[in-house]
Amino acid sequence: MNELTQTSKTRTLVPASSILEEKDHLIVQLEMPGVQKGDVEIGTEGKTLTIRGKRQQATESGTWLVRERRRGDFERVYTVDPSIDLEKASAELSNGVLTVTLPLKEAAKPRKIDIRSA
Amino acid sequence: MAIIHWKRTPFPEADVTWDSWSLFDQFNKDWDRLFERSTVPALDVLETEEDCVIWVDVPGLEKKDLEISISGSILSLKGEKSTQKANGKEKESPARSELWSGKFERTVQLPDSVDPEKVTADLKEGVLKVTVAKKSAWKARQIAIA
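So the sequences go chain by chain: A and B.
Following this note's numbering, the numbering of the first sequence begins with 588 at its first residue and continues without gaps.
Following this note's numbering, the numbering of the second sequence begins with 2 at its first residue and continues without gaps.
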């Protein structure tokens, strides 16, 4: 019951994201407006990739005339294919969009096979 | 006792011009709305004694993608969100996408007390913050009792 009444502090939002597939890596983009660089947390554990973004709570006081923006921290958990090398994952935050690059493991990369002429 | 007009049909809205497709039309509209993705950025407007502050969530947009104008107390925002770019180049189609792209436009009616001459805008971490000061004449003034 406590969970129902506690709203603003514990609420997490799932950021909208897109996944792009490249030849040797995957790119995950997450929209996290208002999240500062130091407040992004990317964790890997086994097959899961957890991305968290904390937002500073607005402290302004006054009368809210419009209030549409959702409040809370962002969190999204992905289950990652074993062909991805999570150790080599990198991330970049710009303009409120977090871009995570997930390289494929060497063994999973497409390989060109030469045909020997007989 | 009030006299109630007697209706033959059990559904009053189905009276006179009963179109068997209208229900489907209505349903379609509702259905579309259910899956409609927001293509307008969410915004907040806070009024304080000194000014009026507007925050708009515009992740992925740069300064050049936004256009802000104010006329009187009406603030308009225009912007274009481009398709996903990774490493600067345009991608054909993502494997999975929840992000929207396209043009958007929004107008916000601010209180009459704002001064359109005193506007500052700031874009940080995908959040646009527009501060419009209030006209000095409208600011709350303490009046001493003589």
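Built from N, CA and C at the ideal position, the CB exists for glycine as well.
Bear in mind the structure is a predicted one, so any value in this text is a computation, not a measurement.
Residue i - containing beta strand (DSSP E), residue span
i	result
A138/B	That residue, A138/B, is in no beta strand (DSSP E); it is neither H nor E in DSSP.
K119/B	115 to 125
E68/B	67 to 72
T40/B	No beta strand (DSSP E) contains T40/B, which DSSP labels as neither H nor E.
Sub-8 Å separation of residue i and residue j beta-carbons
i	j	result
A122/B	I69/B	yes
N682/A	E63/B	yes
L76/B	V128/B	no
S98/B	S605/A	yes
T666/A	T635/A	yes
V684/A	P42/B	no
S114/B	K82/B	no
L44/B	E655/A	yes
V57/B	L47/B	no
K641/A	V622/A	yes
K696/A	D626/A	no
P690/A	E126/B	no
L67/B	R107/B	no
V664/A	T637/A	yes
For residue i: DSSP bridge partner residues
i	result
T108/B	S77/B
W56/B	D45/B, K130/B
R97/B	I606/A
I700/A	Paired residues: none, contrary to the question.
Local Cβ density within 10 Å of residue i, reported as buried at 16 or more and exposed below that
i	result
R657/A	exposed
Q143/B	exposed
A694/A	exposed
A705/A	exposed
V601/A	exposed
G89/B	Low confidence applies to G89/B: its pLDDT is 49, below 50, so where it sits in the model is not reliable enough to give any reading.
- Counting only runs that start and end within the region 591 to 679 of chain A, where is the alpha helix (DSSP H) found for 4 or more residues in a row? If one requires a minimum length of 4 residues, no alpha helix (DSSP H) run lies completely within the region 591 to 679 of chain A.
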